[in-house]
Amino acid sequence: MEMKGNLPKRKSIILNAFVEDGAGTDRQIMERCNFSEPNMVRPSITALVQDGMLEEIGSTKCHITGKKVRLVDLPKIAQ
Numbered sequence: 005m006e007m008k009g010n011l012p013k014r015k016s017i018i019l020n021a022f023v024e025d026g027a028g029t030d031r032q033i034m035e036r037c038n039f040s041e042p043n044m045v046r047p048s049i050t051a052l053v054q055d056g057m058l059e060e061i062g063s064t065k066c067h068i069t070g071k072k073v074r075l076v077d078l079p080k081i082a083q
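Note that my numbering has the sequence shown beginning at 5, numbered continuously upward.
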């Protein structure tokens, strides 16, 4: 997590939610960060996955929509 200090504020908040509470869906991370809609976290989570700071570890059923959604967490080497 050395690069965490160089991240934009929103990405840093999102990454910290994973550090503190572990894996989650986009909506769960939105709730943990007190954002009002999933689109406030989705692009940042996707970018963090692409940068290797997070990884998709599977899928789960959303507790709100009932749809199948991605489950994301810190890479195992970072934990």
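Yeah, the Cβ is synthetic: ideal placement off N, Cα and C, and Gly gets one too.
Let me know if residue i comes out buried or exposed under the rule of 16 or more other beta-carbons within 10 Å of its beta-carbon.
i, result
"Ile68", "exposed"
Using C-beta distances below 6 Å, list every residue in its chain close to residue i, excluding the 5 sequence neighbours before and after it, in chain order.
i, result
"Met34", "Pro42, Val45"
Taking just the CA atoms, how far does residue j sit from residue i?
i, j, result
"Val23", "Thr64", "20 Å"
"Gly56", "Ile81", "11 Å"
"Glu51", "Gly70", "In the sequence under discussion, the amino acid at residue 51 is Ala, which differs from the Glu named in the question. Taking the straight line from one Cα to the other gives about 25 Å."
"Pro1", "Ser40", "Since the first residue of the chain shown is 5 and the last is 83, residue 1 is not available in this structure."
Just to confirm, is the Cβ distance from residue i to residue j under 7 Å?
i, j, result
"Ala27", "Asp77", "yes"
"Lys15", "Ser48", "yes"
So, for residue i: in the same chain, excluding its five sequence neighbours on each side, which residues have a beta-carbon less than 8 Å away from its beta-carbon?
i, result
"Leu75", "Ala27, Gly28, Thr29, Glu60, Ile61, Gly62, Ser63, Thr64"
"Ile17", "Cys37"
Can you give me the Cβ contacts of residue i inside the same chain, cut-off strictly under 7 Å, excluding the 5 residues immediately before and after it?
i, result
"Cys66", "Thr29, Arg31, Val73"
"Leu19", "Lys8, Leu11, Leu52, Met57"
Does DSSP put residue i in a helix, in a strand, or in coil?
i, result
"Val45", "coil"
"Asp55", "coil"
"Thr50", "helix"
"Ile68", "coil"
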